[in-house]
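Inspection log for the structure reproduced underneath, given as structure tokens.
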Amino acid sequence: MAYQHRHLEGSLLDLPLGKVVCIGRNYLDHIRELNNAVPETPILFMKPATALLGLDESIRLPEGRGECHHEVELAVLIGRELQNANIETARQAVAGYGIALDLTLRDLQNELKKKGHPWETAKAFDGACPLSPFLQPEALSDPQATDLLLRVNGEIRQHGNTRQMMVGVFELMAYISTHFTLRPGDVVLTGTPAGVGPLRAGDALTLSLAGHDFSARVA
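Here the sequence shown is numbered in full-length UniProt numbering, starting from 1 and rising by one per residue.
Structure representation (structure tokens):
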């Protein structure tokens, strides 16, 4: 089934599929677990619309390309065009909040980092962004104080809170919009807390956001 943006209750959102803009190294505990340097400004990279996958679809790990790691993240759906926006304008442009996995071919990413190359071949493959339906913006009382939880086979793998972000949600959106336009239907992934690790065939996942649990399975 082709991915489409949906409300939590199941209805389709009248928004096209756009790009996915991701933020690297936005949680200090995750930076430390991978022994990365703390960035001076947000690190931006992108996934194409072909990376989008509903969590109700089977996650398929690329074969023969090393370990594929889970990175659970708060996802923000863009509802209005943003260009050189301020924080308040960015806040008003949110069409919904969801929870996503930034799937990462870690062995390949490590090779690319050593060579100083971009990360996209490790991050932007088809199905590399499993994504939940979206909650209405008002359903998240404070997007900057929201728990993110990922269980794999019943075991807690990642548990963080968006208050741990080095750069906040709306500040990130505004920052991105100074470099390139965000359009309705685009999605922003806001970074991952510590606890990333490999997925295996047959793994059962539960992603939790604002009291809502979303199930997924690795094929």
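Ideal Cβ placement from N, Cα and C applies to all residues, glycine included.
Beta-ladder partner(s) of residue i, from DSSP
{"i": "leucine 82", "result": "Leu182"}
{"i": "serine 208", "result": "Leu149, Asp213"}
{"i": "alanine 174", "result": "Beta-bridge pairing links alanine 174 to no other residue."}
{"i": "valine 188", "result": "Val21, Val76"}
{"i": "threonine 104", "result": "His69"}
{"i": "proline 130", "result": "Leu53"}
{"i": "isoleucine 87", "result": "Paired residues: none, contrary to the question."}
{"i": "methionine 165", "result": "Tyr27"}
{"i": "tyrosine 97", "result": "Val76, Leu135"}
{"i": "proline 198", "result": "His69"}
{"i": "valine 218", "result": "Ile59"}
{"i": "histidine 5", "result": "DSSP output for histidine 5 lists no bridge partner at all."}
{"i": "leucine 112", "result": "For leucine 112, which the question treats as bridged, DSSP gives no partner whatsoever."}
{"i": "leucine 13", "result": "Answer by DSSP bridge pairing: none, since leucine 13 is not bridged."}
Residue i versus residue j - alpha carbon distance
{"i": "lysine 115", "j": "isoleucine 31", "result": "19 Å"}
{"i": "alanine 139", "j": "alanine 194", "result": "25 Å"}
{"i": "glutamate 9", "j": "arginine 65", "result": "36 Å"}
{"i": "leucine 108", "j": "tryptophan 119", "result": "8 Å"}
{"i": "asparagine 84", "j": "alanine 201", "result": "43 Å"}
{"i": "glutamate 33", "j": "glutamate 155", "result": "19 Å"}
{"i": "aspartate 126", "j": "lysine 47", "result": "9 Å"}
{"i": "alanine 37", "j": "arginine 163", "result": "20 Å"}
{"i": "phenylalanine 180", "j": "lysine 19", "result": "11 Å"}
{"i": "alanine 145", "j": "lysine 113", "result": "31 Å"}
{"i": "phenylalanine 45", "j": "valine 21", "result": "6 Å"}
{"i": "proline 137", "j": "alanine 93", "result": "10 Å"}
{"i": "asparagine 110", "j": "leucine 28", "result": "19 Å"}
{"i": "glycine 54", "j": "glutamate 40", "result": "33 Å"}
{"i": "residue 261", "j": "leucine 135", "result": "It is not possible to answer for residue 261, since the shown part of the chain is limited to 1 through 219."}
{"i": "aspartate 102", "j": "glutamine 4", "result": "18 Å"}
{"i": "leucine 149", "j": "glycine 160", "result": "7 Å"}
{"i": "arginine 80", "j": "alanine 49", "result": "18 Å"}
{"i": "arginine 6", "j": "arginine 157", "result": "26 Å"}
Beta-carbon proximity of residue i to residue j, cut-off 8 Å
{"i": "proline 184", "j": "isoleucine 78", "result": "yes"}
{"i": "proline 42", "j": "leucine 172", "result": "yes"}
{"i": "alanine 216", "j": "alanine 124", "result": "no"}
{"i": "threonine 190", "j": "glutamate 88", "result": "no"}
{"i": "proline 143", "j": "tyrosine 175", "result": "no"}
{"i": "valine 76", "j": "valine 167", "result": "no"}
{"i": "alanine 219", "j": "isoleucine 59", "result": "yes"}
{"i": "alanine 95", "j": "leucine 13", "result": "yes"}
The ligand FMN heavy atom lying under 7 Å from the CB of residue i
{"i": "serine 208", "result": "Looking at this structure, you won't find the ligand FMN or any other ligand, since it has none at all."}
Host alpha helix (DSSP H) of residue i (start-end)
{"i": "arginine 32", "result": "28-33"}
{"i": "leucine 55", "result": "Leucine 55 -> no alpha helix (DSSP H), and no H or E assigned at all."}
{"i": "threonine 121", "result": "120-123"}
Residue span of the beta strand (DSSP E) that contains residue i, given as start and end
{"i": "leucine 161", "result": "It is asparagine, not leucine, that sits at residue 161 in the sequence shown. 155-161 is the span of the beta strand (DSSP E), which, as asked, contains asparagine 161."}
{"i": "leucine 44", "result": "43-47"}
Residue-chain proximity (residue i, chain D), Cβ-Cβ < 8 Å
{"i": "histidine 117", "result": "Chain labels in this structure do not include chain D; a single protein chain is all it has."}
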